[in-house]
Amino acid sequence: MNYPMAYVHPTAVIGENVTISPFSTIMNDVEIGDGTWIGPNVTIMEGSRIGKNCKIYPGTVISGEPQDLKYEGEKTLTFIGDNTTIRECVTVNKGTKALGYTKIGNNCLIMATAHIAHDCILGDNVVVVNGCGLAGHIEIGDNAFIGGMSAVHQFTKIGEHAFIAGATQVRKDVPPYVKAAKNPVAYAGVNAIGLRRKGFSSEDIYEIQGMYRILFQQKNNVSQATEQILNNFQPSVHRDKIIDFITSSERGVMKGYGSGS
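Residue 1 is where the sequence shown starts when you use full-length UniProt numbering, and the numbers rise one by one after that.
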């Protein structure tokens, strides 16, 4: 349903049972999937690809031009996955030629006033709480939780099932399955509650805790910790994800609690 006071560009591709509320604007080169609700005063700009059954609340701007001095007006995209909710006054910028798109996955919740900059990639089931700022080229894994008012440095990676405490300054990579807190960001334990909610067994959590004890609590450097983890733990999905993350980190992983970054 398009209300009379909404503007929808004639070339926009709108699915079935989509609601576009009064005073919202849908620009050229936009696609919106079935069942999505666009609230009042929303601006959906060129290059938006919005999935099915999304909810986008008032004041939000999707696919605005990147706040990047290198951006030269190139044609890029913004992808929003199915069943994702974007609350009031969120800004999601489109990609630059560096990647070509910004992407938010399925079943995500982006709370009010958060900013997601150009070329960010958010996985599925990610929660970004009120007032967070994500700079450009950030990657966030599935099921991660970013606490309110946190600021994440450009090119940072946050692993799946990670939990970032509110008001944290994330300047280093945060591996999978952990809690991160303090300023500068530091290890604050394994996200055991979150993992149990997602069906991880006690044995899985114990294994993950053992690996991170080696990395963050035994005064090993990354190379030493990696070798010990490989020697002391049998191959598993969790072990391989942790090893792959820490060995591929370009910014470097956060430090143990109390040691800063």
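Where a beta carbon is used, it is the ideal one built from N, C-alpha and C, also for glycine.
Contact between Y177 and I138 is absent: CB atoms are separated by about 19 Å, not below the 8 Å threshold. Assignment of G133 by DSSP, reduced to helix, strand and coil, places it in the strand class. Excluding residues up to 5 positions away in sequence, F23, P58 and G59 lie with their Cβ nearer than 6 Å to the Cβ of N41 in the same chain. With 16 or more other Cβ atoms inside 10 Å of its own Cβ, K94 counts as buried. For G252, same chain residues with a beta-carbon under 7 Å away, outside a window of 5 residues either side, are K172 and D173 in chain order. Annotation for A98: D119 place their beta carbon closer than 6 Å to its own, counting only its chain and skipping 5 residues before and after. Counting along the chain, S248 sits inside the alpha helix (DSSP H) bounded by residues V237 to S248. For T226, the enclosing alpha helix (DSSP H) has its first and last residue at V222 to N232.
A Cβ-Cβ contact shorter than 8 Å links G166 with M149. By the CB criterion at 8 Å, E16 and D29 fall outside the cutoff. Across the set K219, N221, Q218 and G189, the C-alpha of G189 shows the shortest separation from the C-alpha of Y206. Rounded to whole angstroms, the Cβ separation of N130 and A114 is 7 Å, and the two are in contact under 8 Å.
Remark: C-beta atoms of A162 and M254 do not approach each other more closely than 8 Å.
Counting only runs of 3 or more residues that sit fully inside the stretch 95-167, the beta strand (DSSP E) segments are 101-104, in chain order. Of the other Cβ atoms in all chains shown, 16 or more fall within 10 Å of the Cβ of E160; this residue is therefore buried.
In terms of Cα proximity to R49, the closest of D124, K103, Q224 and Y71 is K103.
Under the 10 Å beta carbon count, P175 is surrounded by 16 or more other beta carbons and is classified as buried.
Less than 8 Å divides the Cβ of E88 from the Cβ of A112. In the same chain as T36, and ignoring 5 residues on each side of it, the C-beta atoms closer than 8 Å to its own belong to G15, V18, T19, I50, G51, K52, N53, C54, K55 and I56, in chain order.
Distance between T85 and T43, taken at the CA atoms: about 15 Å.
Around the CB of S248, fewer than 16 other CB atoms lie within 10 Å, so the residue is classed as exposed. The three-state secondary structure of G189, taken from DSSP, is strand. For a cut-off of 8 Å, the C-beta gap from T78 to V90 is around 12 Å, too long to register as a contact.
Cβ atoms of I164 and G147 come within 8 Å of each other, at about 5 Å. K241 and Q217 have their alpha carbons spaced roughly 19 Å apart.
Note: V61 is bridge-paired with T43 and T91 in the DSSP secondary-structure output.
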